[in-house]
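Before any comments, here is the structure.
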Amino acid sequence: MRAALVGVDFGHSDFAASMEELMLLSRSAGADPVSTITAKRSSPDSAYFVGSGKADEIGDAVVNDGLEIVIFNHALSPAQQRNLEKRLNVRVLDRTSLILDIFAQRAQSHEGKLQVELAQLQHLATRLIRGWTHLERQKGGIGLRGPGETQLETDRRLIGDRVKALRARLEKLHKQRETQRRSRGRNHTFSVSLVGYTNAGKSTLFNAVTKAGVYVADQLFATLDTTSRRVYLGQEVGNVVISDTVGFVRELPHQLVAAFRATLEETIHADLLLHVVDASSPVRMEQIEQVNLVLQEIGADHIPQILVWNKIDAAGLEPSVERDENGVLSRVFVSAHKGSGLDLLREAIVEMAKSAPRSAHLYQYDAAQDSQLIDEPQEQDDQAGQHDGAAPDQAKEIGPDDGISTHSKVGTR
Numbered sequence: 000m001r002a003a004l005v006g007v008d009f010g011h012s013d014f015a016a017s018m019e020e021l022m023l024l025s026r027s028a029g030a031d032p033v034s035t036i037t038a039k040r041s042s043p044d045s046a047y048f049v050g051s052g053k054a055d056e057i058g059d060a061v062v063n064d065g066l067e068i069v070i071f072n073h074a075l076s077p078a079q080q081r082n083l084e085k086r087l088n089v090r091v092l093d094r095t096s097l098i099l100d101i102f103a104q105r106a107q108s109h110e111g112k113l114q115v116e117l118a119q120l121q122h123l124a125t126r127l128i129r130g131w132t133h134l135e136r137q138k139g140g141i142g143l144r145g146p147g148e149t150q151l152e153t154d155r156r157l158i159g160d161r162v163k164a165l166r167a168r169l170e171k172l173h174k175q176r177e178t179q180r181r182s183r184g185r186n187h188t189f190s191v192s193l194v195g196y197t198n199a200g201k202s203t204l205f206n207a208v209t210k211a212g213v214y215v216a217d218q219l220f221a222t223l224d225t226t227s228r229r230v231y232l233g234q235e236v237g238n239v240v241i242s243d244t245v246g247f248v249r250e251l252p253h254q255l256v257a258a259f260r261a262t263l264e265e266t267i268h269a270d271l272l273l274h275v276v277d278a279s280s281p282v283r284m285e286q287i288e289q290v291n292l293v294l295q296e297i298g299a300d301h302i303p304q305i306l307v308w309n310k311i312d313a314a315g316l317e318p319s320v321e322r323d324e325n326g327v328l329s330r331v332f333v334s335a336h337k338g339s340g341l342d343l344l345r346e347a348i349v350e351m352a353k354s355a356p357r358s359a360h361l362y363q364y365d366a367a368q369d370s371q372l373i374d375e376p377q378e379q380d381d382q383a384g385q386h387d388g389a390a391p392d393q394a395k396e397i398g399p400d401d402g403i404s405t406h407s408k409v410g411t412r
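The sequence shown begins at 0 in numbering that gives the first Met the number 0 and counts up one residue at a time.
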């Protein structure tokens, strides 16, 4: 689908990076961006966002380049989107709709699909208000006359009913996950969550540390569903749970943050956050800031955090560890693709686990005592893995009886 990308520079320093990201997003959605149109304004135009003159320029590009869709790098109001579609005679998408579409394509688990549908319906509900004039007509015909309900009102009611149903199902999954977390707490399992900007290499790092087979691709939002694995990190710490979560992006739609709150709660309840950063990105500091903003929004900004600078092979850096003025671990430099620095990262996780507030009574036990602290089904699994000759540091996929959240399939979240 041939597309034009439109961006308005309001004087922000990261405008160029934002437009480059829009191109990656559009390609991730399956579009072929053939034109890029930019403008400078002090404030958005109320009717067309870009002004009538620039709208005519976009219209000329639509005709000359045979464009099928126009994608804006901003959130458009329902009126602005409707006015642009009438003027350009092609479909117009804003940044929010584009990200929602990518999430809809990538969601694989039952819970992920529910969360995306909820976000889409919440976004669509704002587009129903004066969105289509033909929907204002009352339904007529034999057997349909009576008190009267406009088609628009019917659509609003149906969307509202569906939103309630989705929230109820997600709440049920949320309660199931809460039960799993309580069981994890009884098992004294240290929890680690990977967070970071999308395409920073979280899933590649997750696979490298846990030996998991999570899907990896050089594209934005390659994976959406949370995946957890248990990893044995030595006798001092025992098993820890490492979770790979959805990536963040600048101006992440509020509907997605709200809909994926249950998924992101895996981050809220973690004991340690590994904030994965693309060390080769020229805008890495802005990306770190965007991730921290989302963490603050979901209430996870108080959790201890280690910055993991990934892709050091592309940035020309060497594996190392940095500490702050108090001697606390602050940054670890690794290359998940090359496997460089992973031993330093494992040592960092062990150090943070041992220094956790509850570590004094959790991690001072030997391997025999370790099995007594876990529920019976997990004990059987762990013993089977150790007696069958499995390597102690080999990651093990968590089963539903382990009391720990797994890949977000039906009944896990």
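Ideal placement from N, C-alpha and C gives every residue a C-beta, glycine not left out.
Tell me whether residue 9 sits in a helix, a strand or coil according to DSSP, three-state version.
Correct three-state label for residue 9: coil.
Could you tell me which whole beta strand (DSSP E) segments of length 3 or greater appear in the stretch 307-343?
319-322 and 328-332
Per-residue DSSP class, three states only, for residue 178:
helix
Compute the beta-carbon to beta-carbon distance between residue 290 and residue 247, rounded to the nearest angstrom, for a pair I have assumed lies under 8 Å.
5 Å
Whole-angstrom C-beta distance between residue 317 and residue 330, which should lie under 8 Å
The pair is not a contact, with the Cβ atoms about 13 Å apart (cut-off 8 Å).
What runs of the beta strand (DSSP E), each 3 residues or longer, lie entirely inside the stretch 258-298?
271-277
Residue 225 (DSSP reduced to helix, strand or coil):
coil
Would residue 64 and residue 115 qualify as a contact pair, given that the criterion is a beta-carbon distance under 8 Å?
no
Can you give the Cα-Cα distance for residue 13 and residue 159, rounded to whole angstroms?
38 Å
Determine the DSSP secondary structure at residue 72, reduced to helix, strand or coil.
coil
Unbroken alpha helix (DSSP H) runs of length 4 or more, entirely within the stretch 91-134: which are they?
Taken in chain order, the unbroken stretches of alpha helix (DSSP H) that lie wholly in the stretch 91-134 and span 4 residues or more are 94-105 and 109-127.
Specify the secondary structure class of residue 300 as computed by DSSP and reduced to three states.
Looking at residue 300 - three-state DSSP - the assignment turns out to be coil, as it is neither helix nor strand.
Simplified DSSP state of residue 251, which is helix, strand or coil:
coil
Apart from the five residues on each side of it in sequence, which residues of its chain come closer than 7 Å, Cβ to Cβ, to residue 323?
329
Can you give me the start and stop residues for the alpha helix (DSSP H) that residue 201 sits inside?
Bounds of the alpha helix (DSSP H) holding residue 201 are 201-209.
Once DSSP output is grouped into helix, strand and coil, what is the label at residue 77?
helix
Let's test the definition: count the other Cβ atoms within 10 Å of the Cβ of residue 20 and tell me whether it reaches 16, buried, or not, exposed.
buried
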